[in-house]
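Structure first, commentary second.
4 protein chains.
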Amino acid sequence: MPKETFTNLPDHKRNRILRIAIREFAEKPYDVASISNIVREAGIAKGSFYQYFEDKQDLYRYLIELGTEERLNVIKALPAQDLSGDLFVYIRWLFQSSVYFELKEPGLAQVAYRAFVDEVPFPEMAEELRRRGPTQFFKQLLTQGVHHGDISPWADVDLAAFIMEATYYQFGRYFVQRLNLTADADLEQTFASAEAQELLNNLIRILQKGIGD
Amino acid sequence: MPKETFTNLPDHKRNRILRIAIREFAEKPYDVASISNIVREAGIAKGSFYQYFEDKQDLYRYLIELGTEERLNVIKALPAQDLSGDLFVYIRWLFQSSVYFELKEPGLAQVAYRAFVDEVPFPEMAEELRRRGPTQFFKQLLTQGVHHGDISPWADVDLAAFIMEATYYQFGRYFVQRLNLTADADLEQTFASAEAQELLNNLIRILQKGIGD
Amino acid sequence: MPKETFTNLPDHKRNRILRIAIREFAEKPYDVASISNIVREAGIAKGSFYQYFEDKQDLYRYLIELGTEERLNVIKALPAQDLSGDLFVYIRWLFQSSVYFELKEPGLAQVAYRAFVDEVPFPEMAEELRRRGPTQFFKQLLTQGVHHGDISPWADVDLAAFIMEATYYQFGRYFVQRLNLTADADLEQTFASAEAQELLNNLIRILQKGIGD
Amino acid sequence: MPKETFTNLPDHKRNRILRIAIREFAEKPYDVASISNIVREAGIAKGSFYQYFEDKQDLYRYLIELGTEERLNVIKALPAQDLSGDLFVYIRWLFQSSVYFELKEPGLAQVAYRAFVDEVPFPEMAEELRRRGPTQFFKQLLTQGVHHGDISPWADVDLAAFIMEATYYQFGRYFVQRLNLTADADLEQTFASAEAQELLNNLIRILQKGIGD
DNA sequence: CATGAATGAGGGTTCATTCAT
DNA sequence: AATGAATGAACCCTCATTCAT
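Now the structure itself:
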């Protein structure tokens, strides 16, 4: 966790540093991301960085933390969705929240994505990420769905969770590219658009009913 | 591309170098993979490496090339599957070939996967990889499928191609992990097993009919 | 020398800082001892340190000074020993006082010892330490001893002083280790013990009569 | 141990680097000695240093090794001295060899001396040095001496070994300073001089018979 | 054609010291 | 008087690449 020194920084300076750090860790794998780059771009002294953070790992862990926090904030900001109804309505809501996050914090989203695929070079963290990751969640969700009758009893729950997760991870970026969005687009309006709604509907329909005729 | 000096190398030496290089680039992101490591492990002189390859990029490009070639070889080695019949039979065959490749050349598969997620640090290549990637192919396939009546007319072809691609990229590794396979397993036997066949069937069934009840 | 700000500090705070500083300079060579460590452990601000002391050297010089002062205090606190009697009784008393100091102020003793062996990185001070060191004192002592008939007329006074000094510097630590003492042992009792008295006696006997048979 | 790269270096270059490295580690404690200094003074690239040595420790260990080797060489070059005769003749020979070494390799002697007093920052090595150090040797020597009748039966062997060791460590430097020698003095001639012989004789006489009258 | 020493920029990190508050 | 953020030089070490042999 960053030291107080960092927390006490004036907002614009702290945010500038964070923005640059996020970009660095979003663009490059952990080992390649460079503190030297960050301080150069942020215009601060190398020594200052180490007043703010314990070390490179400290910054990185903080960014991951920030990512999960922000993801939660985004979810909380959305109209809540309960689990008791149709499971696919809930899944639709999940994917939507993921896209919301991707649009609001593309940098943090990319850092988080990297944390999964790059295999972070400190094992205990990799482990924790795996535990907190969506895989287990999807499996539970689908198992429940089978009991409730929303999910086909013949479906291989483990396999289905895998497909959903693979899709889930990439969907945000697909959404952005497909609808030609920019980060500063008005989020509410974007999601209210017929195009966006239809895209989400189609995604869910494919998951639910497949693409076969 | 490697220089003639490399092509002229005795097979066992050339292969040894390749094997070690593949391992290195499979284990680490491009910038972290180390020529020093490779030559040390391969027991060749640093200078020799630069007689064989222009530079680090050259070797890397060659590995990527090798990967796509081997992927094709694997596909060609499989009993051909024509496109005229049921599209899902063909798709099943596609996924199966992907898994075959993953099992036969896990190193190259991992290098290719990294090229996709790590975003190689030389943009023109990233671009090229994206162009040659399976997305376009899947789109064409599905568009044809709509005409043939295999694919639902209401399906969003672009979106469906995205889902298939997202799944396709990861499925090899999922398959290996799910069935607890090792690289040296007998491929034919592995695929002949009821478990493997069932897993592939389930994957296709989900794509075709969804997981909804 | 410390600034007034330091002298004006409440005793417990000043002493706490000193205690921690002594430990730091006792454990590490001058260049490795870290002001950052000291202020962190003492719980004072970096800036405060520089209100108390001119710089790192200033603190260090003060500790050396403190060491010599304390050494003198220890000697003064011991029952005085006059020089008119047997010289070896006086020398015994000298060595005893050295051990007393080592036990009472092991930190300061170690700092002083380091100043001797590490060769402090500012030459003028090294010079001064050498000047004020015990060598000259031992030489005078022995010269007097020759006149009084306590010291053999054939003895090389300069050489003998060297041997005594070499022994003197290390004897404190040897004593502590040999008798398995801890810093908080009761000093009076420790020295009253037959073992301690015998060790001192033996030391003097060796100096006086040698180890030959 | 240095890599082959270093062993293969032309003599003058290898020696230049060694000379500078020895000076650096002779002048400063391990942590303060600086590889950057060494390469700057030696006029080689930082990277080159790491072609020659694994790391800082590697160089340091090598210097220690070199020191013990050279010490042995010096001893072997002296007319051998057997242990069967008068013990003090043997001890005289020991001290003389020590001085020889100090004169021939003052830098290495100082590095070795530091290794003992500075408490090298890698514990296993400190341990080994302690084991191989002269303390144990002196104790054995004196114990034997007691049996042979050369050493007084009442002498505290442990204490006597301590005194001898303390003297032994510093005697080389004392000798140099006392006789006003320079490193490039003719060694043979220096030792043949009446002054030097007398100084050694006096040292032994003091150890054997003490300084008392 | 093979070799492997040489290079120097760049990496993360620590430190004594300054100075505005 | 006390604070603690800012600084930048220095530390050890790694790397891709070159080039003389």
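Protein chains in written order, with numbering that gives the first Met the number 0: chain A, 0 to 212; chain B, 0 to 212; chain C, 0 to 212; chain D, 0 to 212. Virtual Cβ for every residue (Gly too), placed ideally from N, Cα, C.
- Segment contact: the segment 46 to 55 of chain D against the segment 134 to 142 of chain D, fewer than three CB-CB distances shorter than 8 Å; contact not assigned.
- Sorting I90/D, A44/D, D10/D and Y99/D by C-alpha distance to the C-alpha of V175/D places Y99/D at the top.
- In terms of Cα proximity to A195/A, the closest of Y59/A, R129/A, N72/A and L180/A is L180/A.
- For I34/D, the secondary structure class from DSSP, reduced to helix, strand or coil, is helix.
- Put simply, the backbone Cα of Q50/B is about 22 Å away from that of T4/D.
- Here I150/B carries a strand assignment [DSSP, helix/strand/coil].
- Legend: CB atoms of the segment 25 to 43 of chain B lying less than 7 Å from CB atoms of chain A belong to residues P28, D30 and V31.
- When 7 Å is used as the limit between beta carbons, T142/A is near no residue of chain B, the shortest such separation being about 12 Å.
- Around the Cβ of R113/C, a 10 Å sphere holds 16 or more other Cβ atoms; the residue is buried.
- In the displayed model, G211/D falls within a strand according to three-state DSSP.
- For F48/A, the enclosing alpha helix (DSSP H) starts and ends at K45 to Y51.
- Taking 8 Å as the cut-off, the Cβ atoms of F87/D and D149/D count as close.
- Neighbours of Q207/A across chain B, judged by C-beta separation under 7 Å: G209, I210 and G211.
- Under a criterion of Cβ atoms nearer than 9 Å, the residues of chain A adjacent to G148/B are, in order, D212.
- Closest in C-alpha terms to S151/C, from the list H147/D, R204/D, V145/D and Q135/D, comes R204/D.
- The count of Cβ pairs closer than 8 Å, one atom from the segment 69 to 79 of chain D and one from the segment 35 to 43 of chain D, stays below three, leaving the stretches out of contact.
- Under the 8 Å Cβ criterion, the segment 58 to 67 of chain A does not count as touching the segment 151 to 163 of chain A, having fewer than three qualifying pairs.
- Identification of residues in the segment 101 to 126 of chain B having a C-beta nearer than 7 Å to some C-beta of chain A yields V116 and D117, given in sequence order.
- Between F48/C and chain D, the shortest Cβ-Cβ separation is not below 8 Å.
- Secondary structure at D81/A: coil, using DSSP grouped into helix, strand and coil.
- Using a Cβ distance threshold of 8 Å, A125/D and E118/D count as a contacting pair.
- For F115/D, the enclosing alpha helix (DSSP H) begins and ends at P105 to V116.
- Per the C-alpha coordinates, the member of Y167/A, I21/A, S97/A and V110/A positioned closest to I74/A is S97/A.
- Around E101/C, the same chain offers A108, G171, R172, F174 and V175 as residues with beta carbons nearer than 8 Å, after the five sequence neighbours per side are excluded.
- Residue-level contact by beta carbon holds for T166/B and chain A, with a gap shorter than 8 Å.
- Counted as a single uninterrupted DSSP element, the alpha helix (DSSP H) harbouring K55/C occupies residues K55 to A76.
- A191/C sits away from P105/C, with the two beta carbons spaced by 8 Å or more.
- Residues of chain A whose Cβ lies closer than 8 Å to the Cβ of Q169/B are, in chain order, F161 and A165.
- Judged by DSSP in its simplified three-state form, D183/A adopts coil rather than helix or strand.
- Interface criterion met: the Cβ of F87/D is under 8 Å from a Cβ in chain C.
- Under a criterion of Cβ atoms nearer than 7 Å, the residues of chain A adjacent to A154/B are, in order, I205 and I210.
- At a cut-off of 8 Å between beta-carbon atoms, D57/A makes no contact with chain B.
- By the criterion of a C-beta distance shorter than 8 Å, I34/D is surrounded in its chain by K45, F48, K55 and L58, once the five residues flanking it on both sides are discounted.
- A Cβ-Cβ separation of about 36 Å leaves I21/B out of contact with L206/A under the 8 Å criterion.
- Non-local beta-carbon contacts of Q80/B in its own chain, meaning distances under 6 Å to residues more than five positions away in sequence, involve Y89 and W92 in chain order.
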